[in-house]
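Engineer:
Take a look at the structure:
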């Protein structure tokens, strides 16, 4: 299968196989008219199988939260056909409205319009805590 | 005095919000107030404290209100959600924003965990957490630490047993957080399986480098303690009444158990109690829970003065 390289845009590579759809969904770009490619289960020497996302004409993407979905993926920024920057995703220190607090006693379950904010506790164990009630969540 | 100045305009949402030296400054002030209360009788004259109690309370609300009145200030507020605009669906954010237009300091108790943080975000005046669900109760912790300091002469190098509802017991969570940064604290967590401390509390203990153990038996643990902190199994925290009925009488401290306790051990309880401490224990000199309640008023007076930046009054005549 052949997917053309892009002139301007972003390539999210080394996504764990099966995570590509989740990342695409989180990016919320379904209303865009530019070309978007999602390649699933591509062969990878590192991962065996991987997903790849290519987003044409899109450079301004908030990748902070993507590390929560797959902290091993990479984001390459392409301009005029050349790689200008490559970033390895990492777990964000603060995640807003990505993780939902499941503690039924947490104020986020009652106060209207309140963001669900989680703070990274330990990158090794990939644990986050709710900023309001301290509920621990393992990613 | 410098430590107290550092408290001006701040919030108290959980025990970690104040440093050890800041808390010590408050305890020193609480001691001075208790020695000569008349000297402070007009310290907060012209100031208003708003007590927003979305959940029932006797000690915390009355001790805050009394603290403000004894400082010469005034209080406004409500003692149940139904008598506030929360019953009409008003958000916490809007409530505290409005109250901040009327009062100099806001004290809030709310059943939802983290509600005080929402309140603090939207308030222009200092916010004090008077209990947010099963999460934290930092002014009870100030009360507890002051009591331990007075009764044991120190808040470090102690074997502290916490008994009862350690899952939903906010006073327990806050006290553990405050004590786990002290040197040489050893925790003994005594609870039924269903009411064990949450994982984030265990993490606080481990981060603090304290020794800790868990047991279901109060009888086994009591002989090795310097402080025994009893708690009530709280009916209001259970979604299922059957579970509450099954667990409510898990521990009862009576004279017989007190005979196994060391002579120097103190028994504390944030109150209210139901069955967990038999009335016969009240006469035991090691039972300090009513002293604890009294200490709460003085430490809250000190806290109000600290957050409002009230200077030490001049000695009269």
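Residue numbers (this note's numbering), protein chains in the order written: chain A, 1 to 139; chain B, 1001 to 1317.
Every residue gets a Cβ at the ideal spot worked out from N, C-alpha and C, and that includes glycine.
Bear in mind that the values here come from a model prediction, so they are computed numbers and not experimental data.
Nearest CA to the CA of residue 1291 of chain B: which residue from B:1129, B:1046, B:1034, B:1020?
Structural biologist: Taking the first residue of the second chain as position 1, residue 1291 of chain B is located at position 291. Nearest C-alpha to residue 1291 of chain B: B:1034.
Engineer: When the cut-off is 8 Å and only beta carbons count, does residue 1200 of chain B lie next to chain A?
Structural biologist: The count along the second chain starts at 1 and reaches residue 1200 of chain B at position 200. With 8 Å as the cut-off, residue 1200 of chain B counts as an interface residue toward chain A.
Engineer: Tell me whether the beta-carbon of residue 106 of chain A lies closer than 8 Å to the beta-carbon of residue 132 of chain A.
Structural biologist: Looking up residue 106 of chain A in the first chain gives position 106. Looking up residue 132 of chain A in the first chain gives position 132. Cβ atoms of residue 106 of chain A and residue 132 of chain A: closer than 8 Å.
Engineer: Once you ignore the five residues that flank residue 1147 of chain B on each side, which residues in its own chain have a CB closer than 7 Å to its CB?
Structural biologist: Counting from 1 along the second chain, the entry for residue 1147 of chain B is found at position 147. Here the set comprises 1268, 1288, 1291, 1292, 1295.
Engineer: Please decide whether residue 1113 of chain B counts as near chain A, where near means a Cβ-Cβ distance under 8 Å.
Structural biologist: Taking the first residue of the second chain as position 1, residue 1113 of chain B is located at position 113. By this cut-off, residue 1113 of chain B is an interface position.
Engineer: What ranges does the beta strand (DSSP E) occupy inside the stretch 33-83 of chain A, keeping only unbroken runs of at least 3 residues that lie completely in it?
Structural biologist: 36-44, 48-56, 74-79
Engineer: Chain A beta carbons: is any one of them nearer than 8 Å to that of residue 1097 of chain B?
Structural biologist: In the second chain, the residue the question calls residue 1097 of chain B occupies position 97. No, residue 1097 of chain B does not count as interfacial toward chain A.
Engineer: To the nearest angstrom, how far is it from the Cα of residue 1089 of chain B to the Cα of residue 1082 of chain B?
Structural biologist: Within the second chain, residue 1089 of chain B is the residue found at index 89, counting from 1. Within the second chain, residue 1082 of chain B is the residue found at index 82, counting from 1. Whole-angstrom Cα-Cα distance: 10 Å.
Engineer: Can you tell which of B:1191, B:1243, B:1312, B:1080 has the C-alpha that lies nearest to the C-alpha of residue 1219 of chain B?
Structural biologist: Counted from its first residue, the second chain places residue 1219 of chain B at position 219. Residue B:1191 is the option with its Cα nearest to residue 1219 of chain B.
Engineer: Rounded to whole angstroms, how far is the Cβ of residue 7 of chain A from the Cβ of residue 80 of chain A, which I believe are closer than 8 Å?
Structural biologist: Here residue 7 of chain A is taken as the residue at index 7 of the first chain, counted from 1. Here residue 80 of chain A is taken as the residue at index 80 of the first chain, counted from 1. That pair is a contact at about 7 Å.
Engineer: Which value, in whole angstroms, describes the spacing of the CA atoms of residue 1103 of chain B and residue 1086 of chain B?
Structural biologist: The residue given as residue 1103 of chain B occupies position 103 in the second chain. The residue given as residue 1086 of chain B occupies position 86 in the second chain. Rounded to whole angstroms, residue 1103 of chain B to residue 1086 of chain B spans 18 Å at the Cα level.
Engineer: Quick one, which residues of the stretch 1073-1095 of chain B are near chain A if we go by CB-CB under 9 Å, in chain order?
Structural biologist: 1089, 1091, 1092, 1093
Engineer: Please return the same chain residues whose Cβ sits closer than 6 Å to the Cβ of residue 1317 of chain B, not counting the five positions on each side in sequence.
Structural biologist: On the second chain, residue 1317 of chain B is found 317 positions in, with the first residue counted as 1. The pLDDT assigned to residue 1317 of chain B is 44, lower than 50, so where the model puts this residue is not dependable; a value taken from the coordinates is nonetheless given after this. No residues qualify anywhere along the chain.
Engineer: Considering residue 1177 of chain B, what are the terminal residues of the beta strand (DSSP E) in which it resides?
Structural biologist: For the purposes of this step, residue 1177 of chain B is taken as residue 177 along the second chain, with counting starting at 1. From DSSP, residue 1177 of chain B is part of no beta strand (DSSP E) but of the alpha helix (DSSP H) over 1170-1179.
Engineer: When you compare the stretch 1035-1043 of chain B with the stretch 1055-1066 of chain B, are there three or more beta-carbon pairs, one atom per stretch, that lie closer than 8 Å?
Structural biologist: no
Engineer: Take residue 1157 of chain B and list the residues in its own chain whose beta-carbon comes closer than 7 Å to its own, dropping the five residues that flank it on each side.
Structural biologist: Position 157 of the second chain, counted from the first residue, corresponds to residue 1157 of chain B. Only 1183, 1184 meet the Cβ criterion.
Engineer: At a Cβ cut of 8 Å, what residues of the stretch 1122-1147 of chain B count as close to chain A, listed as they run along the chain?
Structural biologist: Within the stretch 1122-1147 of chain B, the qualifying residues are 1132, 1133, 1134, 1135.
Engineer: Give the DSSP-derived three-state secondary structure of residue 16 of chain A in the structure shown.
Structural biologist: Within the first chain, numbered from 1, the residue matching residue 16 of chain A stands at position 16. Residue 16 of chain A falls in the strand class under three-state DSSP.
Engineer: Please list, in chain order, all residues of the same chain as residue 1100 of chain B whose beta carbon is under 6 Å from its beta carbon, the five residues on each side excluded.
Structural biologist: Mapped onto the second chain, residue 1100 of chain B falls at position 100. Hits under 6 Å: 1123, 1124, 1125.
Engineer: Please list the segments of the beta strand (DSSP E) lying wholly inside the stretch 1193-1251 of chain B, counting only runs of 3 or more residues, in order along the chain.
Structural biologist: 1211-1215, 1227-1230, all fully within the stretch 1193-1251 of chain B.
Engineer: With a threshold of 8 Å between beta carbons, is residue 1197 of chain B in contact with chain A?
Structural biologist: For the purposes of this step, residue 1197 of chain B is taken as the residue at position 197 of the second chain. It does not; no Cβ of chain A falls within 8 Å.
Engineer: Step through the CB atoms of chain A and report whether any lies within less than 8 Å of the CB of residue 1317 of chain B.
Structural biologist: The sequence position of residue 1317 of chain B within the second chain is 317, counting from 1. Interpretation of residue 1317 of chain B is limited by its pLDDT of 44, a score under 50 that renders its predicted location unreliable; the figure taken from the coordinates is listed afterwards. No, residue 1317 of chain B does not count as interfacial toward chain A.
Engineer: Of all the options B:1201, B:1163, B:1250, which has the alpha carbon lying nearest to the alpha carbon of residue 1176 of chain B?
Structural biologist: Residue mapping note: residue 1176 of chain B aligns to position 176 of the second chain, counting from 1. Nearest of B:1201, B:1163, B:1250 to residue 1176 of chain B, Cα basis: B:1201.
Engineer: Which residues in chain A have a C-beta closer than 8 Å to the C-beta of residue 1118 of chain B? List them in chain order.
Structural biologist: Along the second chain, one-based indexing puts residue 1118 of chain B at 118. Simply 107, 111, 114, 132.
Engineer: Rounded to whole angstroms, how far is the Cβ of residue 1012 of chain B from the Cβ of residue 1139 of chain B, which I believe are closer than 8 Å?
Structural biologist: Counting from 1 along the second chain, the entry for residue 1012 of chain B is found at position 12. Counting from 1 along the second chain, the entry for residue 1139 of chain B is found at position 139. With a Cβ gap of about 7 Å, residue 1012 of chain B and residue 1139 of chain B count as contacting.
Engineer: With 8 Å as the threshold, decide whether the Cβ of residue 136 of chain A is near any Cβ in chain B.
Structural biologist: Position 136 of the first chain, counted from the start, is the residue given in the question as residue 136 of chain A. Cβ-Cβ to chain B under 8 Å: yes for residue 136 of chain A.
Engineer: Between residue 1274 of chain B and the rest of its own chain, which residues show a CB-CB distance below 6 Å, the 5 nearest in sequence each way excluded?
Structural biologist: Along the second chain, one-based indexing puts residue 1274 of chain B at 274. 1232, listed in sequence order.
Engineer: Tell me the DSSP secondary structure of residue 1317 of chain B in three-state form.
Structural biologist: For the purposes of this step, residue 1317 of chain B is taken as residue 317 along the second chain, with counting starting at 1. Low local confidence applies: a pLDDT of 44 at residue 1317 of chain B is under 50, so the model's placement there is unreliable, with the coordinate-based value given in what follows. Reduced to three states, the DSSP call for residue 1317 of chain B is coil.
Engineer: Is the beta carbon of residue 1052 of chain B less than 8 Å from the beta carbon of residue 1108 of chain B?
Structural biologist: The residue you call residue 1052 of chain B lines up with position 52 of the second chain. The residue you call residue 1108 of chain B lines up with position 108 of the second chain. Result yes, Cβ atoms of residue 1052 of chain B and residue 1108 of chain B sit closer than 8 Å.
Engineer: Below 9 Å on C-beta distance, what does residue 129 of chain A contact in chain B?
Structural biologist: Here residue 129 of chain A refers to the residue found at position 129 of the first chain. Going along chain B in sequence order, the residues near residue 129 of chain A (Cβ under 9 Å) are 1200, 1203.
Engineer: Quick check on DSSP: helix, strand or coil for residue 1116 of chain B?
Structural biologist: By 1-based counting over the second chain, the position of residue 1116 of chain B is 116. Three-state result, residue 1116 of chain B: helix.
Engineer: Taking only runs of the alpha helix (DSSP H) that begin and end inside the stretch 1254-1299 of chain B, which ones reach a length of at least 4 residues, in chain order?
Structural biologist: 1255-1259
Engineer: Pairing CB atoms from the stretch 1251-1258 of chain B with CB atoms from the stretch 1006-1022 of chain B, are three or more of them under 8 Å?
Structural biologist: no
Engineer: Which residues in the same chain as residue 71 of chain A place their Cβ atom closer than 7 Å to its Cβ, once the five residues preceding and following it in sequence are excluded?
Structural biologist: Indexing the first chain from 1 puts residue 71 of chain A at position 71. Short of 7 Å from the beta carbon of residue 71 of chain A, and not among the five residues preceding or following it, lie these beta carbons of its own chain, in chain order: 89, 90, 91.
Engineer: Please state the DSSP three-state secondary structure of residue 1106 of chain B.
Structural biologist: The residue given as residue 1106 of chain B occupies position 106 in the second chain. Looking at residue 1106 of chain B - three-state DSSP - the assignment turns out to be strand.
Engineer: Residue 51 of chain A and residue 28 of chain A: beta carbons closer than 8 Å?
Structural biologist: In the first chain, the residue the question calls residue 51 of chain A occupies position 51. In the first chain, the residue the question calls residue 28 of chain A occupies position 28. Cβ distance not < 8 Å, so residue 51 of chain A and residue 28 of chain A don't count as in contact.
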